Amino acid sequence: MQLILLGAPGAGKGTQAKKIMETYHIPQISTGDILRKEVREKTELGLKAKDIMERGELVPDDIILKMIEKRLQQPDCQNGFILDGFPRTIPQAEGLEQILDRMGKNQLIVIEISVSDEEIIRRLSNRRICSICGKDFNLILNPPPVDMICPVCGGKIIQRDDDKPETIKKRLEVYRKQTEPLIKFYQQKGKLFRIDGLRPIETIFNQIKEILESQNRS
Ligand code: AP5
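When you read off a place in the sequence shown, starting at 1, and then add 13, the result is the number in our numbering.
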């Protein structure tokens with residue numbers, strides 16, 4: 014299974030990717046998580062990406078494509094993978110087609126999770142994450158402990174720098190301009206499924222499972 018989860022910031026891509034990973038035993042590849050790790054570890058790439066991410070803009074395509082090609086060559090991707098937050102531009106989508114052709118296997122399915130801007134702002138301004146392991150909390154759905162210490166790893170629970178109101182607005186603008194054209198790109202290839210992301214997490218997950226299982230049968 015080669016799956017892309019497409020959707021605006023806060024649409025629920027990461028939430029659903031984790032559930033798919035647990036059910037189907039294929040890795041979640043989140044370019045955002047990989048970049049945040051590089052930033053935490055202050056690598057050369059992390060130092061380059063930090064300001065771009067804090068501004069809510071996109072890291073250059075060539076950097077992202079190299080990162081993805083390396084990741085897809087790992088043995089755990091042999092039976093499939095879930096791409097979360099990639100591709101985000103037409104050149105990234107075209108680059109991915111070339112990578113998959115080089116790997117000799119192109120069976121992409123794209124699921125777009127669609128959510129209104131009002132809901133995105135509500136979700137992202139309430140999101141908190143562990144600064145060490147990245148575990149997700151939400152002040153409404155899944156509140157963090159009062160002491161703001163992660164129960165999994167003991168890290169400090171914080172708000173992502175790019176979840177501040179001004180940056181959320183910028184990320185939405187970037188999504189509309191640079192990422193939304195991918196909907197048409199994949200529609201024309203007959204690979205796109207669209208689902209309503211305004212419903213409860215389990216309901217969305219059940220619909221994703223139906224799509225994946227119908228694709229497996231065909
Ligand atoms: P990235 O980390 O990919 O952020 P994003 O796409 O903006 O996505 P988010 O993680 O914010 O949201 P999500 O859709 O995963 O939602 P989640 O499940 O967490 O990218 C960050 C930055 O890195 C980019 O801005 C860019 O600078 C850079 N970058 C990354 N990839 C790149 C690329 N390919 N090219 C260039 N640059 C790149 O859910 C959000 C909240 O809502 C959570 O609190 C969750 O609990 C809650 N929630 C989820 N589902 C529901 C539901 N159904 N109902 C109610 N609440 C829900």
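Built from N, CA and C at the ideal position, the CB exists for glycine as well. Fair warning: this is a prediction, and the values are worked out from it, not measured in the lab.
Distance, residue j Cα to residue i Cα
i	j	result
T192	I103	8 angstroms
I204	E226	Correcting the residue identity first, residue 204 is Lys in this sequence and not Ile. Whole-angstrom Cα-Cα distance: 15 angstroms.
P73	R101	11 angstroms
I224	Q201	18 angstroms
Q86	N92	11 angstroms
T44	R230	30 angstroms
L58	P22	22 angstroms
D160	F94	36 angstroms
F99	I162	30 angstroms
E132	L211	8 angstroms
G117	R53	34 angstroms
K190	S127	16 angstroms
L6	K169	Nothing can be reported for residue 6, as the shown portion of the chain is limited to 14 through 231.
Q120	I76	24 angstroms
Best match in the options for proximity to residue i [C-alpha to C-alpha]
i	options	result
S65	D175, T216 and R207	The sequence given here places Ile at residue 65; Ser does not occur at that position. If we check each option's Cα against that of I65, D175 comes out closest.
I122	I196, I76, S43 and R115	I196
A24	I170, K79, R207 and I112	R207
I171	P194, L154 and C143	C143
M80	H38, I217, R212 and I47	I47
L154	R141, K63 and I39	R141
K83	R53, R115, Q120 and E132	R115
D89	K190, G168, N219 and Q15	Q15
Own chain, CB closer than 7 angstroms to residue i, minus 5 neighbours either side, in chain order
i	result
G69	D175, T180, K183, R184 and V187
D130	L185
Sequence-distant residues of the same chain with beta carbon closer than 8 angstroms to residue i, five excluded per side
i	result
P178	I134 and S138
T28	D149 and I214
Nonlocal neighbours in the same chain, by C-beta distance under 6 angstroms from residue i, ignoring five residues either side
i	result
G165	Note on identity: in this sequence residue 165 is Val, with Gly being the wrong assignment. Here the set comprises C146 and K148.
K26	L18, G20 and D97
Y199	V123 and L205
Residue j beta carbon less than 8 angstroms from that of residue i
i	j	result
L18	I124	yes
I221	I33	yes
Q41	K31	yes
Can you confirm whether the region 98 to 112 touches the region 131 to 150 when touching is taken to mean that 3 or more C-beta pairs between the two stretches lie within less than 8 angstroms? no
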